[in-house]
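Sequential numbering from 363 applies to the sequence shown in my numbering. Below is one structure; the comments refer to it alone.
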Amino acid sequence: MISSNDFQDEIGDDHIATSAQNPLRKDAFDLSDEKKIELIKKDVENILLTLGMDLTDDSLKGTPNRVAKMFVKEIFGGLNPTKKPNPSTFENQYKYGEMLVEKNITVYSTCEHHLLPIIGRAHVAYISAGRVIGLSKMNRIVDHFAKRPQVQERLTMQIVQELQRALGTQDVACVIDAKHLCVNSRGIKDIESSTVTSEFGGKFKEEHVRREFLDYVKLETQF
């Protein structure tokens, strides 16, 4: 019989998601950012001390505070709903009805299983149903949902769902190709492998439309 700890390790080592949404407690935002930084700083200090590090050394003195600020303000800042970008859309006055593709959007995220980086590229497309969105807003949406403890499948879905909501259409697609340092730097230590995930909505479920999108982003992967 597999123990609870072994089961949890297996999920994490196999990078299996258990929720389509980021698993947040109901009181996730009861504490201010400043209070969270204060508490995380103490936790990081304890980790370093437990590892045997000398926190009186000038090089390490500021590390707990730097890490705490980085967690709250930067790499996990996308958890805070107040930081969610407002993706303003506009009427498609010039009646552009073909596919719009924004490719090679940089993805910096963090694996929720080992808290190690996920680094790659996102390719996003939509077909207007009457509204268009600023190009930079697509990058900002990717960045917002990436700045969380994540699994790549969930991130891909969240990007598509947010653009569908903003644009009022199901005709949105996203493909992410990324390296997971939890695979590249530990465990199997395969530095060459990357992970490709996709989410296709509306017309992108049709083979010829999906193929056109993949041709644009030059992915050889078969879907």
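Glycine is no exception: its CB is placed at the ideal position from the N, C-alpha and C atoms.
Which class does Phe548 belong to by DSSP, given the choice of helix, strand or coil? Against the sequence shown, residue 548 aligns to sequence position 186. Here residue 548 turns out to be Arg, not Phe, going by the sequence shown. Coil, per DSSP.
In this structure, how does DSSP classify Ala528 when only helix, strand and coil are distinguished? Reading the sequence shown from its first residue, position 166 is the one you call residue 528. Ala528 falls in the helix class under three-state DSSP.
Short check: CB of Gly440 to CB of Ala508, under 9 Å? Here residue 440 refers to the residue found at position 78 when the sequence shown is read from its first residue. Here residue 508 refers to the residue found at position 146 when the sequence shown is read from its first residue. Yes.
Simplified DSSP state of Asp577, which is helix, strand or coil: Position 215 of the sequence shown, counted from the first residue, corresponds to residue 577. DSSP places Asp577 in helix when its eight states are reduced to three.
Which of helix, strand or coil DSSP assigns to Arg483: For the purposes of this step, residue 483 is taken as residue 121 along the sequence shown, with counting starting at 1. In the three-state reduction of the DSSP assignment, Arg483 falls in the strand class, which pools E and B.
The alpha helix (DSSP H) with Ser498 in it runs from where to where? Here residue 498 refers to the residue found at position 136 when the sequence shown is read from its first residue. Start and end: 497–508.
Contacting residues, own chain, Cβ-Cβ under 6 Å from Ile480 (five flanking each side not counted): Numbered from 1 along the sequence shown, position 118 holds the residue referred to as residue 480. Excluding sequence neighbours, Ile480 sits near Ser471, Cys473, Ala540, His542.
Residue range of the alpha helix (DSSP H) that Lys398 falls in? One-based indexing of the sequence shown puts residue 398 at position 36. Annotation: the continuous alpha helix (DSSP H) that includes Lys398 extends over 395–412.
If the criterion is Cβ atoms closer than 9 Å, does the pair Val434 and Val406 meet it? Within the sequence shown, numbered from 1, the residue matching residue 434 stands at position 72. Within the sequence shown, numbered from 1, the residue matching residue 406 stands at position 44. No, the pair does not count as a contact, with Cβ atoms beyond the cut-off.
Check whether Ala528 and Thr451 have beta carbons under 9 Å apart: As a position in the sequence shown, residue 528 is number 166, starting the count at 1. As a position in the sequence shown, residue 451 is number 89, starting the count at 1. Taking 9 Å as the Cβ cut-off, Ala528 and Thr451 qualify as a contacting pair.
Ignore the nearest five residues each way along the sequence and tell me which others in Leu517's own chain have a CB closer than 7 Å to its CB. Taking the sequence shown and counting its residues from 1, the one referred to as residue 517 is at position 155. The answer, listed in chain order, is Ser471, Phe507, Ala508, Ile538.
State the beta-bridge partners of His542 as determined by DSSP. Locating residue 542 in the sequence shown gives position 180, where the first residue counts as 1. Answer by DSSP bridge pairing, in chain order: Ile480.
Relative to the alpha-carbon of Val571, which residue among Thr557, Val534, Ile550, Arg548 has its alpha-carbon at the smallest distance? The count along the sequence shown starts at 1 and reaches residue 571 at position 209. Looking at the Cα atoms, Val534 is the closest of the given residues.
Can you tell me whether Gln512 is helix, strand or coil according to DSSP? The sequence position of residue 512 within the sequence shown is 150, counting from 1. For Gln512, the three-state secondary structure derived from DSSP is strand.
In terms of residue numbering, what span does the beta strand (DSSP E) encompassing Lys465 cover? Taking the sequence shown and counting its residues from 1, one reaches residue 465 at position 103. Where Lys465 is concerned, the enclosing beta strand (DSSP E) stretches over 461–473.
I'd like the list of long-range same chain contacts for Glu436, defined as Cβ closer than 8 Å, with 5 residues on each side in sequence excluded. Taking the first residue of the sequence shown as position 1, residue 436 is located at position 74. If you ignore the 5 residues before and after Glu436, its C-beta comes within less than 8 Å of the C-beta of Lys509, all in its own chain and listed in chain order.
For Tyr458, which residues from the same chain have a beta carbon less than 8 Å from its beta carbon, with the 5 sequence-adjacent residues on both sides left out? Within the sequence shown, residue 458 is the residue found at index 96, counting from 1. Annotation for Tyr458: Ser490, Val494 place their beta carbon closer than 8 Å to its own, counting only its chain and skipping 5 residues before and after.
Thinking just about the alpha-carbon of each residue, which of Glu400, Glu460, Asp395 is nearest to the one in Lys445? To locate residue 445, count along the sequence shown from 1; it is residue 83. Of the listed residues, the one whose Cα sits closest to Lys445 is Asp395.
Could you spell out where the alpha helix (DSSP H) holding Val429 opens and where it closes? Within the sequence shown, numbered from 1, the residue matching residue 429 stands at position 67. Segment 425–431, the alpha helix (DSSP H) holding Val429.
Which same chain residues end up closer than 8 Å to Leu393 when comparing Cβ atoms and leaving out the 5 residues on each side of it in sequence? By 1-based counting over the sequence shown, the position of residue 393 is 31. In the same chain as Leu393, and ignoring 5 residues on each side of it, the C-beta atoms closer than 8 Å to its own belong to Leu401, in chain order.
To the nearest angstrom, how far is the alpha carbon of Tyr488 from that of Val469? Indexing the sequence shown from 1 puts residue 488 at position 126. Indexing the sequence shown from 1 puts residue 469 at position 107. Answer to the nearest angstrom: the Cα atoms are 19 Å apart.
Could you round the C-beta distance between Leu478 and Ile503 to whole angstroms and report it? I think they count as a contact, below 8 Å. Indexing the sequence shown from 1 puts residue 478 at position 116. Indexing the sequence shown from 1 puts residue 503 at position 141. By a beta-carbon distance limit of 8 Å, Leu478 does not contact Ile503. Their separation comes to about 23 Å.
Is the distance from the Cβ of Gly492 to the Cβ of Pro449 below 9 Å? Sequence index remark: in the sequence shown, residue 492 carries index 130 (1-based). Sequence index remark: in the sequence shown, residue 449 carries index 87 (1-based). No, the Cβ-Cβ distance between Gly492 and Pro449 is not below 9 Å.
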